[in-house]
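With numbering that gives the first Met the number 0, the residue at position 73 of the sequence shown is 72, and numbering never jumps.
Glycine included, every Cβ here is placed at the ideal spot set by N, Cα and C.
To keep things clear, I will list the structure first and then write my remarks on it.
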Amino acid sequence: MSTVTSSRRTAPPPAAAADPPRRTGRRQQRIAATVLLTPFTALLIAVFLVPVGYAVYLSLFGEDHSGLGFGGGETVFTGLRSYLAVLQDPSFLSGFGTIALYCVIFVPTVVVSALALALLLDSGLIRLRRTSQMLLYLPHAVPGIIAAVIWLYLYTPGLSPVIKLFAQADITIDFLGLHTVLPSIVNIALWSGLGYNMIIFYAALQALPREVIEAATIDGAGGIRTALQVKVPIIRGSVVMVCMFSLIGALQLFTEPMLMNQATPMVNSRFTPNMYIYDAAFRRNNYGLASAASVILLIVTCVLSYAVTRWSGRRERRA
Numbered sequence: 000m001s002t003v004t005s006s007r008r009t010a011p012p013p014a015a016a017a018d019p020p021r022r023t024g025r026r027q028q029r030i031a032a033t034v035l036l037t038p039f040t041a042l043l044i045a046v047f048l049v050p051v052g053y054a055v056y057l058s059l060f061g062e063d064h065s066g067l068g069f070g071g072g073e074t075v076f077t078g079l080r081s082y083l084a085v086l087q088d089p090s091f092l093s094g095f096g097t098i099a100l101y102c103v104i105f106v107p108t109v110v111v112s113a114l115a116l117a118l119l120l121d122s123g124l125i126r127l128r129r130t131s132q133m134l135l136y137l138p139h140a141v142p143g144i145i146a147a148v149i150w151l152y153l154y155t156p157g158l159s160p161v162i163k164l165f166a167q168a169d170i171t172i173d174f175l176g177l178h179t180v181l182p183s184i185v186n187i188a189l190w191s192g193l194g195y196n197m198i199i200f201y202a203a204l205q206a207l208p209r210e211v212i213e214a215a216t217i218d219g220a221g222g223i224r225t226a227l228q229v230k231v232p233i234i235r236g237s238v239v240m241v242c243m244f245s246l247i248g249a250l251q252l253f254t255e256p257m258l259m260n261q262a263t264p265m266v267n268s269r270f271t272p273n274m275y276i277y278d279a280a281f282r283r284n285n286y287g288l289a290s291a292a293s294v295i296l297l298i299v300t301c302v303l304s305y306a307v308t309r310w311s312g313r314r315e316r317r318a
């Protein structure tokens with residue numbers, strides 16, 4: 000009895016056979032990435048890099064009026080002279096002081112208020128949740144100039160029903176006074192931005208794992224303790240984002256004080272950095288000075304945004 004053992008030879012698959020699909024997949028990924036990034040890159044160049052580059056170019060030139068000053072001026076290269084003039088102008092620096100005081104009042108108020116409303120909606124204690132969200136978000140849909148006009152009507156003595164109501168109670172109040180005009184501006188911004196920031200917090204809270212909330216409830220944590228010690232630390236990233244957006248919005252403050260400039264002498268034409276830029280460009284026709292101030296404002300905004308992001312990253316790593 001004999002046993003015949005046959006061995007089959009199985010040729011190993013050539014290594015080169017697997018390479019073409021892999022290369023094809025990588026090539027397709029690169030093509031897809033290029034197609035998806037091209038519109039964004041073109042938009043970034045068109046609406047950000049080109050205007051910034053043009054502003055930098057304008058900031059390096061100025062007009063030289065010779066003779067008796069008749070006729071148009073001659074455009075000459077001035078280098079960094081416009082930047083030095085902006086940095087040495089007390090009205091420009093005082094505008095940043097105004098913004099700093101505005102941020103001290105506005106940023107904590109809007110963050111705490113929006114977060115409290117979002118936590119209240121997320122807790123389920125408020126009925127008609129969708130209706131409440133719509134009513135809170137509705138002021139954000141009102142254009143800024145219209146919101147400023149509405150509130151200016153409520154602030155103006157002789158027109159405001161609010162001031163008349165206080166007067167009937169023998170209470171004299173001036174919303175456009177020296178010490179009240181800035182809180183009045185903060186109130187307009189708070190009214191407009193509260194609902195938007197509340198939606199950001201509420202969306203972050205809705206994305207939280209329900210298991211975490213249920214575990215805190217089982218451990219005996221009450222509603223307030225769960226909100227402050229469980230929910231808020233988890234959505235810290237959203238809190239930082241709202242703080243950064245509020246800070247950037249504060250640096251861009253323009254509409255409200257620009258309108259109030261026509262109603263009260265407490266708001267001058269250079270009340271904020273943006274108003275300084277507007278005054279330099281369209282009232283003094285000094286485009287080099289306005290461009291230099293714009294570039295400085297951009298640098299300050301980028302530095303502050305980077306500082307907030309860096310500080311948040313360190314806090315998260317320590318936690």
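query: Would you say Leu246 and Cys102 are within 8 Å of each other, going by their C-beta atoms?; result: yes
query: To the nearest whole angstrom, what separates the beta carbons of Val386 and Met243, a pair I think is in contact under 8 Å?; result: Residue 386 is absent from the model: the chain starts at 0 and stops at 318.
query: Using alpha carbons as the reference points, say which of Ala31, Gly24 and Ile98 lies closest to Gln251.; result: Ile98
query: Determine the extent of the alpha helix (DSSP H) in which Thr300 is found, giving its start and end residues.; result: Tyr286 to Arg317
query: If we count the other Cβ atoms within 10 Å of its Cβ and call it buried at 16 or more, is Asn284 buried or exposed?; result: exposed
query: Quickly, what does DSSP pair Asp63 with across the bridge? List them, please.; result: Glu73
query: If you run the structure through DSSP and keep just helix, strand and coil, what is Pro156?; result: coil
query: Take Trp190 and list the residues in its own chain whose beta-carbon comes closer than 8 Å to its own, dropping the five residues that flank it on each side.; result: Pro138, Ala146 and Trp150
query: Can you find a C-beta in chain C that's less than 8 Å from the C-beta of Gly192?; result: Absent from the structure: chain C. Only one protein chain is present.
query: Residue range of the alpha helix (DSSP H) that Asp121 falls in?; result: Pro89 to Ser122
query: Does the beta-carbon distance from Met204 to Ile223 come in below 8 Å?; result: At residue 204 the sequence reads Leu, which differs from the Met that was named. No, the pair does not count as a contact, with Cβ atoms beyond the cut-off.
query: Please name the residue, chosen from Gln167, Tyr154, Thr37 and Ile184, that lies closest to Asp173 on a Cα-to-Cα basis.; result: Tyr154
query: Give the single residue among Val34, Asp63, Tyr53 and Val109 whose Cα lies nearest to the Cα of Ala319.; result: Because the chain here runs from 0 to 318, residue 319 falls outside it and cannot be looked at.
query: Three-state secondary structure (DSSP) at Ser268?; result: coil
query: Three or more C-beta pairs closer than 8 Å, one from the region 75-94 and one from the region 260-274: is that the case here?; result: yes
query: Is Val302 near Ser58, with beta carbons less than 8 Å apart?; result: no
query: Just mark Glu364 as buried or exposed, buried being the case when its beta carbon has 16 or more other beta carbons within 10 Å.; result: Given a span of 0 to 318 for the chain in the structure shown, any question on residue 364 remains unanswerable.
query: Under a Cβ-count criterion, where at least 16 other Cβ atoms within 10 Å of its own Cβ denotes burial, should Tyr152 be classed as buried or exposed?; result: exposed
query: Would you call the region 123-138 and the region 179-198 touching, i.e. three or more CB-CB distances under 8 Å?; result: yes
query: How would you label Ala168, buried or exposed, when you count the other beta carbons within 10 angstroms and need 16 or more for buried?; result: exposed
query: Nearest to Leu79 by alpha carbon, out of Asp63, Leu100, Tyr56 and Gly96?; result: Tyr56
query: Thr254: which of Met274, Thr263, Ala262 and Val238 sits nearest, CA to CA?; result: Met274
query: Does DSSP put Ala203 in a helix, in a strand, or in coil?; result: helix
query: Let me confirm a value: Lys163 is counted as buried when at least 16 other C-beta atoms fall within 10 Å, else exposed. Which label applies?; result: exposed
query: Per DSSP, what kind of secondary structure is Gly221 in: helix, strand or coil?; result: coil
query: Under 6 Å Cβ to Cβ from Val161, same chain only, skipping five residues before and after it: list those, please.; result: Leu153
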